[in-house]
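Each remark here refers to the structure printed beneath this line.
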Amino acid sequence: MARNILILGASYGSLLGTKLLMAGHNVSLVCRKNTADLINRDGTEVRIKLRDEKQHRSIFSRDLPGKLDAVTPADVDVSRYDMVGLAMQEPQYTNHTVRVLMIKIAAAKLPCLSIMNMPPLPYLKRIPALAGMDLEEAYTNAQVWERFEPGLVTLCSPDPQAFRPPEEKANVLHVGLPTNFKASVFADDKHNKVLRELEADIDAVTLDGQDVPVKLKVFDSLFVPLAKWSMLLTGNYRCITPTEPQSIRDAVHGDLTRSQAIYDHVDGIARKLGADPADQVPFAKYAKAAESLLKPSSAARAVAAGAPFIERVDLLVKLISHQLGTPSAEIDRTVETVDQKLNEKIVQGGSGAE
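The numbering of the sequence shown is our numbering, which starts it at 50 and goes up by one.
Take a look at the structure:
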């Protein structure tokens, strides 16, 4: 049975969207009007490399069995959808029209699957050790999440690395690292039935008889997506330096011993919250994957481009570590560097005639 999925965020969202379209489900991408017009006219193109192939293949939405449309936040009719995918960067949810849409989604009690790096606050409330912690400071505007029932929000570890090539239009996405989306379950079995249905349908898709990477994998543990935190704190946020951004590879491999110490510390925080070692990704596996990540992280690129706000998983992990009584000088230093770079941009932006 074809499901109707609403995905907020047309860039990274088009990757999950394409996988759903290939499996015969219908997808609406929420984005700005210019991008929506482009997608409604030309569709999307996701470039992905199949196993043992040298070149990326272009997968065009217009060739797929599911139906795709794009829509602005103000034009969404939430009654049409079975599930929502949250694929925008966390600061983007503070946009007025997006906030109004989020209020409608919460009121409709639609299950929401996040593929953000920054876990939605209601998801964290599902973890007993975090439910009473003061974590709002890490969010651009924590009020966005107030109306959501925790059990209706789950998290995917957004491991696949993808970006829009700068020379391309807004409907093109290039997948650099085609790993899986690892999702935790919802609180309600009826929502998990839909989630597992999507998992099975995506898993069954082939292209010219070949398996297509980037699966949706569903796990009973709430802690599986937290494995991403170790990667973000070891690589992505350390791409932000006091000077120019560095690649994820250089952030990780510049000092492998230090990187492993950070990675292990964040893994330890997750275990203290209740994670099983089986939920986690070994450092050696991450370090190997990082060898091929030759660009700075999206967070580092955003800071370099002058963004006043970015997703702050670094600050979230710092707040958790201090409230658990297990702070890390390395994590605190990373947060300080990110704060300094963001403040630099704000000061420059407000410097008037200089």
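We treat Cβ as the ideally placed atom computed from N, Cα and C, and that holds for glycine. Small disclaimer: the values here were computed from a predicted structure and weren't measured.
request  = Using the DSSP secondary-structure output, state which residues sit across from Phe-235 in a beta bridge.
outcome  = Paired residues: none, contrary to the question.
key: Test item: CB-CB of Leu-64 and Pro-209 under 8 Å   = yes
message = Rounding to the nearest angstrom, what Cα-Cα distance links Gly-401 and Asn-392 in this structure?
response = Since pLDDT at Gly-401 reaches only 38, below the 50 mark, its modelled position is unreliable, and the value read off the structure follows with that caveat. C-alpha separation (whole angstroms): 16 Å.
inquiry  = Using a 10 Å radius around the Cβ and a threshold of 16 neighbouring Cβ atoms, would you call Met-137 buried or exposed?
reply    = Its Cβ being crowded by 16 or more others within 10 Å, Met-137 is buried.
query = Is Ala-119 closer than 8 Å to Cys-407 when the C-beta atoms are compared?
reply = Residue 407 lies beyond the range of the chain shown here (50 to 403); nothing can be said about it.
task = Count the other C-beta atoms from every protein chain shown that fall within 10 angstroms of the C-beta of Met-50, then say buried if there are 16 or more, exposed otherwise.
result = exposed
query = What are the residues that DSSP puts in a beta bridge with Ala-211?
reply = Val-224
key: Lys-390 burial status per 10 Å Cβ neighbour count (16 or more: buried)   = Burial call: buried.
task = Hey, could you find the ends of the alpha helix (DSSP H) Gly-62 is sitting in?
result = Counting along the chain, the alpha helix (DSSP H) containing Gly-62 begins and ends at 62-71.
request  = Report buried or exposed for Pro-207, applying the criterion of at least 16 other Cβ atoms within 10 angstroms of its Cβ.
outcome  = buried
request  = Over the uninterrupted alpha helix (DSSP H) stretch that includes Asn-89, give me the two end residues.
outcome  = For Asn-89, the enclosing alpha helix (DSSP H) begins and ends at 82-91.
task = Please find out if some non-hydrogen atom of the ligand FAD comes closer than 7 Å to the beta-carbon of Thr-121.
result = In terms of ligand content, the structure shown is empty, and the ligand FAD therefore cannot be addressed.
ask   = Which one of Arg-106, Ala-85, Gly-73, Arg-52 has the shortest CA to CA distance from Pro-262?
value = Here the closest residue by C-alpha is Arg-106.
inquiry  = Once DSSP output is grouped into helix, strand and coil, what is the label at Gly-374?
reply    = Three-state DSSP puts Gly-374 in coil, outside helix and strand.
ask   = Three-state secondary structure (DSSP) at Phe-358?
value = Three-state result, Phe-358: coil.
inquiry  = With the cut-off set at 8 Å, would you say Ser-308 and Leu-342 are in Cβ contact?
reply    = In this structure, the beta-carbon distance from Ser-308 to Leu-342 does not fall below 8 Å.
inquiry  = Give the list of continuous alpha helix (DSSP H) stretches no shorter than 4 residues that lie fully inside the stretch 299-370.
reply    = 305-322, 332-339, 347-353
ask   = Which class does Glu-102 belong to by DSSP, given the choice of helix, strand or coil?
value = DSSP places Glu-102 in coil when its eight states are reduced to three.
key: For Gly-284, three-class secondary structure by DSSP   = helix
request  = Please classify Ile-154: is it buried, with 16 or more other beta-carbons within 10 angstroms of its beta-carbon, or exposed?
outcome  = buried
request  = Would you check if the stretch 247-263 and the stretch 366-383 touch, i.e. whether three or more CB-CB distances between them fall below 8 Å?
outcome  = no
The stretch 187-195 / the stretch 232-242 touching (three or more Cβ pairs under 8 Å) = no
query = So who's on the other strand from Glu-94, going by DSSP bridges?
reply = Phe-109, Val-221
ask   = According to DSSP, which residues form a beta bridge with Thr-255?
value = In DSSP, Thr-255 forms a bridge with Asp-260.
message = Per DSSP, what are the beta-bridge partners of Ile-54 in this structure?
response = Val-76, Met-132
task = With a 10 Å radius around its C-beta and 16 neighbouring C-beta atoms as the bar for buried, classify Glu-360 as buried or exposed.
result = buried
ask   = What residue from Val-133, Lys-98, Thr-292 has the CA that sits closest to Lys-259's CA?
value = One point to set straight first is that residue 259 is Gln, not Lys, in the sequence displayed. Cα-wise, what sits closest to Gln-259 is Lys-98.
task = Can you grab the Cα-Cα spacing for the pair Gly-323 / Leu-368, in whole Å?
result = 17 Å
query = Under a Cβ-count criterion, where at least 16 other Cβ atoms within 10 Å of its own Cβ denotes burial, should Gly-29 be classed as buried or exposed?
reply = Residue 29 lies beyond the stretch modelled for the chain, which goes from 50 to 403, so this question has no answer here.
request  = Go ahead and pull the three-state DSSP assignment for Asp-118.
outcome  = strand
query = Are Gly-115 and Gly-62 close, meaning C-beta to C-beta below 8 Å?
reply = No, the Cβ-Cβ distance between Gly-115 and Gly-62 is not below 8 Å.
request  = Per DSSP, which residues does Leu-265 bridge with? Please list them.
outcome  = Phe-230
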